[in-house]
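J.:
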Amino acid sequence: MPTVAEAGKPSATRWEEEQLVGDEACPRPAATLAPQAVRSRSRGEFERFAAGPPFGRGPAAIKLYITPLSPYACMARIVMVEKRLEARVEVIEARTRVAGSPYYAINPSGRVPYLVRDDGVGMEGSELICEYLDRIDGTPAFAPPSGEQGLELRRLEASARSMMDGLTVWGRELRHRPEEERSPTILEHEHERERSRRMADLWEKEIDHPLMRGPFNLAQVTLACALLYESQILRSPWREGHPKLAAWLDEMARRPSVAATIPPGGL
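Positions 38 to 304 (the working numbering) are the ones given, in order, by the sequence shown.
(1) Quick one: using the 10 Å Cβ neighbour count with 16 as the cut-off for buried, is residue 171 buried or exposed?
(2) How long is the line joining the alpha carbons of residue 93 and residue 180, rounded to whole angstroms?
(3) Any contact between the stretch 246-260 and the stretch 175-192? By contact I mean 3 or more CB pairs, one from each, below 8 Å.
(4) Under the DSSP definition of a beta bridge, which residues are partnered with residue 152?
(5) Helix, strand or coil for residue 255? Go by DSSP, reduced to three states.
(6) Can you give the Cα-Cα distance for residue 261 and residue 288, rounded to whole angstroms?
(7) Considering only C-alpha positions, which residue in the set 104, 160, 138, 167 is nearest to residue 120?
(8) For the ligand FMN, is there any heavy atom lying closer than 7 Å to the beta carbon of residue 170?
(9) Return the residue from the list 271, 150, 139, 138 that minimises the CA-CA distance to residue 115.
(10) Assign residue 40 to one of two classes, buried (16 or more other C-beta atoms within 10 Å of its C-beta) or exposed (fewer than that).
(11) What is the rounded straight-line gap between the Cα of residue 138 and the Cα of residue 130?
(12) So, helix, strand or coil for residue 231, using DSSP?
(13) Kindly indicate the opening and closing residues of the alpha helix (DSSP H) around residue 115.
(14) Does residue 195 pass the burial test, meaning 16 or more other C-beta atoms within 10 Å, or should it be called exposed?
(15) Please name the residue in 102, 103, 107, 113 whose C-alpha comes closest to that of residue 268.
(16) Among the residues of its own chain, which have a CB less than 7 Å from the CB of residue 271, if the five just before and after it don't count?
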């Protein structure tokens, strides 16, 4: 299992006190992000990252900053375990949403996940980080196939990410804002679980798609992390009326890489 260190965290924090997810689900205008945060999102930059110094100059040469309950960080951790990089990637728990956190000196945008390569170059964005971790050994396992099948996989992945984004907006509104400051529009839309129900209905139909039942891929990773977040953090009763989707998640949760990201208490 990866070493879990802490960044800008003065004392041990219980799971239920965790400062929840980074801001990936609610993108801000580019002008409000640190320049390196904007640059690191471009695919062109990935080739420069991937062509950098040889991987693994020493133990835990790469650092992955997370918060344990972030579904976006969950994606990166799953890929890390699938690629058996635990001994080479140090997982560091970042203290986010706290004024003056030393983490902001590492990643000025304050978002997670954030990966610092062994030469000190940083990158953020779960998709980019997952791709980097997948390619780092020269044998990518999560790269989408070419042609129509690749487009179909990306369609499913985009739908799963849409679900995740909506859930984390809801979660931040409920967990991080005092009741009197919560957005009535967001709560009317999200607190009533309308979006969640619609997306669960959609995935109940899509979950038998061959790409969701075949070899492990990023569409499956994204959907599993979204549903785990909805189950653990929002405690939404999405399983009701969605037996195929619930059974699929239970199967995914038995996969070692997914099980490794589930906080104490389980589903």
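From the three backbone atoms N, C-alpha and C, an ideal C-beta is built for every residue, glycine too.
T.: This is what the structure gives:
(1) buried
(2) Low per-residue confidence applies at residue 93: pLDDT is 40, beneath 50, and the placement is therefore not dependable, though the value from the model is reported in the following sentence. Each residue's alpha carbon lies about 22 Å from the other.
(3) yes
(4) 101, 160
(5) helix
(6) 10 Å
(7) 167
(8) The ligand FMN is absent from the structure shown, which contains no ligand whatsoever.
(9) 150
(10) For residue 40, the predicted model reports a pLDDT of 44, less than 50, meaning its position is unreliable; a value from the coordinates is still stated below. The residue in question, residue 40, is exposed, as its Cβ has fewer than 16 Cβ neighbours within 10 Å.
(11) 12 Å
(12) helix
(13) 108-119
(14) exposed
(15) 107
(16) 204, 207, 208
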